[in-house]
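**Student:** In this note's numbering, the protein residues as written are 45 to 318. The beta-carbon is built from N, C-alpha and C at its ideal position, and this holds for glycine as well.
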Ligand SMILES: [Zn+2]
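1. Looking at the unbroken beta strand (DSSP E) that takes in residue 48, where does it start and where does it end?
2. Is it buried or exposed for residue 106, if we count other Cβ within 10 angstroms and need 16 for buried?
3. Write down the C-beta distance between residue 83 and residue 91 rounded to the nearest angstrom, noting that I regard them as a contact closer than 8 Å.
4. Drop a sphere of 10 angstroms on the beta-carbon of residue 266, count the other beta-carbons inside from all chains shown, and report buried for 16 or more, exposed for fewer.
5. Is DSSP giving residue 279 helix, strand or coil here?
6. Does any heavy atom of ligand 1 sit closer than 6 Å to the C-beta of residue 169?
7. Is the segment 304 to 315 in contact with the segment 260 to 278, if contact means three or more CB pairs nearer than 8 Å?
8. Does the beta-carbon of residue 123 have 16 or more other beta-carbons within 10 angstroms, so that it is buried, or is it exposed?
9. Nearest to residue 269 by CA position, among 220, 93 and 184, is which residue?
10. Residues in the same chain with beta-carbon distance under 8 Å from residue 52, minus the five sequence neighbours each way, listed in chain order, please.
11. Closer than 6 Å from C-beta to any heavy atom of ligand 1: which residues, in chain order?
12. Are the segment 163 to 176 and the segment 188 to 207 touching, with three or more C-beta to C-beta distances below 8 Å?
13. Going straight from the alpha carbon of residue 208 to that of residue 220, what length do you get?
14. Per DSSP, what are the beta-bridge partners of residue 117 in this structure?
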């Protein structure tokens, strides 16, 4: 039987029967593929190590009908240190769920794979604030999916500076403070939960530092997209909010892993206050 081999990251794991698992693996060449991993739920299974969520590895498989059956696998980068911290683990779960959502079988996914690998690495090593990794990832995923916001200048008057700018979440266009004033009060500027995102004309506030940071993560090489700083806590919060709101609105859905990540972080922050 002919074996094939491919490198990729496990972005979803579904148990099947008592012993087996379906793995969704994001690969450069074939996009997201599904592999049946036999016996990987057993602790002694030979495929157990490579059948874990987040693992980047080499997968050898053979085809049987329309199924791809995993024969063996070798972890290349298992990202073990993710499991040392619950916030890191939850954020990684969200990054994988998003990657799963925006990729498909048979569609080349080299950039998405590099983006995911860089992001998982940054989260696992705690190299940057999580808001920065998460926000840069979200903006870049939006761009890779064909929804890059137009952040060069105000869409109405072409002004390239404004304190602040506003991002129209629905169409990805910028609006300067002057043009917002002229357009009247029918546009809403406020914080949102996902449930509110579907309202028309939703605007996110982008102070100059946030605007610069967002432009940076859309233009920088993927290897360097997290190399910027938002020292001001409010700027960091607005950056995180704008990136998340923008991506969810364009994907048209929320994510359980994201709700869980936020809920755990909030609970954690409250614990520290007590
Ligand atoms: Zn304007």
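**Tutor:** Working from what's here:
1. 47 to 60
2. exposed
3. 6 Å
4. buried
5. helix
6. no
7. no
8. buried
9. 184
10. Counting only Cβ-Cβ distances below 8 Å, and skipping sequence neighbours, we find 69, 70, 71, 72, 77, 100, 101, 103 and 157.
11. The set, ordered by position in the chain, is 198, 200, 201, 203, 220, 222 and 223.
12. no
13. Their Cα atoms are separated by approximately 7 Å.
14. 103
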